[in-house]
Structure formats: structure tokens, C-alpha cells
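Numbering (mature numbering (1 follows the signal peptide of the UniProt record, and there is no 0)), first residue to last: -21 to -1, 1 to 533. What follows is a short report on a single structure.
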């Protein structure tokens, strides 16, 4: 056998962090993970706590250096040390057997020494040697790029490599990150988000590593775990940012959870594969617009058992995400029954698998097939309403191309936006008493006055997002001041009457009175806030009763 032991300088390039490295060989020594590496000077295989990715497995089952397949790891009978040797195809050299992630040499291996680096040998040389009875591999996969917004929450699911069953990643009562089959119970499904590369739970806390197990902690008590997500919603654990690591789970126990997830294989654990995220919205509520293939726009409304389609947002139901379920009007859970979108007051009936795409579109994904559910707007035979179906039952049904999240506004209890509205409030003028004022106009801008009656006050109306004053004038906003003009095209859009108040650019307005009694929606130098603001619809007073002449009855 023509082999020459290498003690050449070019092995010094085969150190941790090299670009072409493919695979780690890992073992546990005194409860701590150690990695195989080749010492550049002695050519000895050693165990060290640092990642290396120095190795690969050849077609002939030789453990070789990833940068040079002619260098194989093994031993000779006259030298029990595990070293790197030059071999060729004719060499009768010891091979390695791979079973899943586990790897075994042709004979027992020992780590010898009192501290790292430990020398690896096939011979037990005394009390400073321990048997390496559990070796496993970890293959380098280049880290994917982070593609999601850090404020977007998601749930996490995966496949069990041993059964193919879908499990859901969550937090148990002890603060451990675990897997569960049951995603319908709220206490068994957590939502997460990324803060940079750190994973944060919606209820608070960071995912960290304690020994090899994933735990939820308020602060970085231990090593934080790095994660990433791709555009295809694949979820990855990153091993020191160098490569994609593996997450392992135990069998699901009687309490519905697995043991804490581990970043290293443990007895009774198996790898999780095909880890995916479902984006869910934490902030809410919102309305949902349904858009048909003919570009007709509707809103979702829960009434009479079905989720109906209505044309006005005045009738729209508010919607919230509850993990992967949708809840309408705080109590009605969306469910699919008999191919129709309906609602139930029982959360156990909720249909799960709803997700958000591009932060605006709502989709329902089948967890087994990963296919998106199609929806159709269909008329009901015995009622003049449209409902949502998962099948095109008749030719009158129209496919819904989008279910879109749109802004939610509080309903008006007494204000009617299309009828004239007057505004009054209390103004601190610097004296002992507050002054009652109403909003009026000097012809150019909105002001306050103490002398006007309701009849003299300015009448506002919402005209499709523009603020109308009187019969034919409109408000434009400049530096917070409310200017009056007669051209609708010059009016500033973004107004809405909601919650019995005025909103501008999706936020409720605050009114300030500035110099010369000018009204502003922005605070400024010399401005005073208007307090106890009252909005009310103006009703024209009834005409006076006709007068009549008195007469005497004789």
C-alpha cells in the first residue's frame, strides 16, 4: 500500500471558516459539542468546540477533506491515531458508514486528552481517553437572505422526518420551544417575529439556547439563536451564521407537546424538515375587501349564518387574526362548512390556515397540499345577498381574485357623515372660565367664534374623502390650517367621519386654536388645544307656525 503521511504546509488552509467546506463531524465530550478537524502541523484528527465544515463523504464511503478528495481520514494498524492520508482508488482504506445523520467508523474511536483539542485514536490509551459512541454529521447549507419585515408576525410549522406528520412550533407553559400536533388550541400555537436574526415571541421574550435546547427568555441569558426566512416562506435556523442548522424534536407526549426542541440530535429525537412560516397580523382590527374577477369591490360582513358580501364599508364587519384563524366582530369565527364561508360562536369550529401575503392579501393555505383555496362570490337562491363559496356552484358565481386587508374605522353611533355636521368645544382663553366656541369661517379659512349659533356655524360633510363646507366649498390643509376654496380638485383628500369624530389620514384629528382664532389640526407656537369637542349633525329648525288673527266668539 503506497501511502504517505502528509505533513505539508498546504493543510494550514483547511481551518475553520474555509469557503469550500461541506460537512461537520460532531460528537459530545463531557456534555459539550466538539467538531472534528485536522491539525495543520501533525495531521492528527482532533476534537475542538469550534465549527469546521472540513469534510465530505466520497462515493467510496471515505471521509475526505472537502478541499481535497485525495486526503482521507483513517488509521493504520501500526499507528492508532486518526489522521489525514493521501489515497487512491486502489487503496484498501477504512470506510465510514452513514445512517441518517449518524456516522460510524470501521472501529471504535476515542478522544484522548485532558482538554481541547482532544486527539482522536482507535486505541484507549488510559484514563484520559473516552469512547466516542455518538458521531453525527451536519452539512453546510448557505444561509438564506432575510426577506420579511421585523414587525410581521408568523406561525411556524414543520414535518417530522420519521413520520411525515405536520407539527406546529410553539411555547409550552415552562417557556420551552416545543412541537405540537394541535394548532387549534390557542395555548398550543405561538406567533413569532424576527428582530434582525433573533426570534421574538408575540407574548414577549427571545428564543435562546440553553445547552442545546431552545428556550424562551426575557433577555439574552444564554446564546441567542439566529434565524432567517426566504421568499418561499422557508424558515431556517442558522448555525453561527455560517450555514443552515438542523432542529430536532422528540415524540409528542401525552400533554400535547414534545420535549424542548434541540439544535443537536438527542436520544428519541428526530430532525424537523420543510419548516415553513404562515404570516399572521398581530395588529388589528381591519376590514376585508373582496374583489371579483370583474373588479367589483365588496366587504365581508357576518350575518344570518353566512359571511356575506356587502358594497359599503358602513356594513363591513371588523376582522382580527387569532393566530391562523379569523374572528369577526369580536365573537364570530370564520369556518368553512358545506363549501361555504360561515361563522360560528365556538372557536373550536374555526377554520385554520389563514395567512397574509405581501402584508395586504389574505389567503387560506391547505397545510397538507400547500395549495391556496379559491373563493367565489355566489348568490343565494332565497335571499338577495352574495355569499362566499369554495366551489363555483353556478355560472352566476364570480371568482374572487383578492381578499385584501383595508383600514378599519370605528362605526358612527349617532353621526351621519352625509348630513351637515357642526363642531363646538371649550377654549381656555387664559381667564378663570372656559369659553364655549363653534367652528365657523371668515371666508378664507376655518376659525372659531363665541358669537355664532348652530345656524351660523360652519356645516361640514364628508364628500368621498374630501371635507365639504356648506354647499359648494372644500377644505384644503396647509401647514395644519384649514383653508376654504371653491374647487374640489384643490381639496385635500384623506378625511373620514368615524367613531362620531373626524379622521384625517387614518388618524383622529386634534383641533387647535391659533392666532386670530384660526383653527389648525397641528400644534404650533401660540396655539391652544380645543377641549371637550362635540360633533353633531345640524338639523334645520322647523319653520315657524303660521300666525292667525284673533277673533271673538259671539
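In this text, a Cβ means the ideal position worked out from N, Cα and C, and glycines have one as well. These numbers were taken from a predicted model, which means no experiment stands behind them.
- The three-state reading of DSSP puts residue 495 in helix, counting H, G and I together.
- Per the C-alpha coordinates, the member of 285, 506, 43, 299 positioned closest to residue 264 is 299.
- The beta-carbon distance between residue 304 and residue 331, rounded to whole angstroms, is 5 Å. This is short enough to meet the 8 Å contact definition.
- Shown here for residue 59: same chain residues with a beta carbon closer than 6 Å to its own, the five before and five after excluded, namely 100, 101, 102 in chain order.
- In the assembly as shown, residue 20 is an exposed residue. Its beta-carbon has fewer than 16 other beta-carbons within 10 Å.
- Looking at the DSSP output, residue 245 shares a beta bridge with no other residue.
- Membership of residue 501 in any beta strand (DSSP E) is not indicated, and neither H nor E is assigned to it by DSSP.
- Residue 119 and residue 241 have their C-alpha atoms spaced approximately 18 Å apart.
- Annotated three-state conformation of residue 467 is helix, per DSSP.
- In this structure, residue 496 and residue 506 do not form a Cβ contact; the two beta carbons are roughly 11 Å apart against a cut-off of 8 Å.
- Excluding the 5 residues flanking it on each side, residue 238 has same chain C-beta neighbours closer than 6 Å at 229, in chain order.
- Excluding sequence positions up to five before and after residue 226, its CB lies within less than 6 Å of the CB of 216, 240, 251, all in the same chain and listed in chain order.
- Residues 413, 414, 416, 427, 492, 507, 509 of the same chain have their beta carbon placed closer than 7 Å to that of residue 406, with the five preceding and five following residues left out of the count.
- If the five residues before and after residue 115 are omitted, its C-beta is found closer than 6 Å to the C-beta atoms of 5, 80, 81, 244, all from its own chain and listed in chain order.
- A contact is defined here as three or more CB-CB pairs under 8 Å, and the stretch 86 to 94 fails this definition with respect to the stretch 169 to 177.
- Scanning its chain for C-beta atoms nearer than 8 Å, with the 5 sequence neighbours on each side dropped, one finds around residue 444 the residues 472, 473, 474, 475, in chain order.
- Cβ-Cβ distances below 8 Å link residue 380 to 270, 271, 272 in the same chain, with the five nearest sequence neighbours on each side left out; the list follows chain order.
- Between residue 352 and residue 360 a beta carbon distance of about 23 Å is seen, past the 8 Å cut, so the two are scored as non-contacting.
- Counting of Cβ neighbours within 10 angstroms places residue 466 among the exposed residues, the total staying below 16.
- Between the alpha carbons of residue 513 and residue 403 lies a distance of about 5 Å.
- Note on geometry: alpha-carbon atoms of residue 456 and residue 447 lie some 13 Å from one another.
- Assigned with DSSP and collapsed to three states, residue 293 falls in helix.
- For residue 27, the enclosing beta strand (DSSP E) starts and ends at 24 to 27.
- Residue 422 is positioned such that its CB atom lies no closer than 8 Å to that of residue 438.
- Looking at 8, 86, 249, 61, the one whose alpha-carbon comes closest to that of residue 18 is 61.
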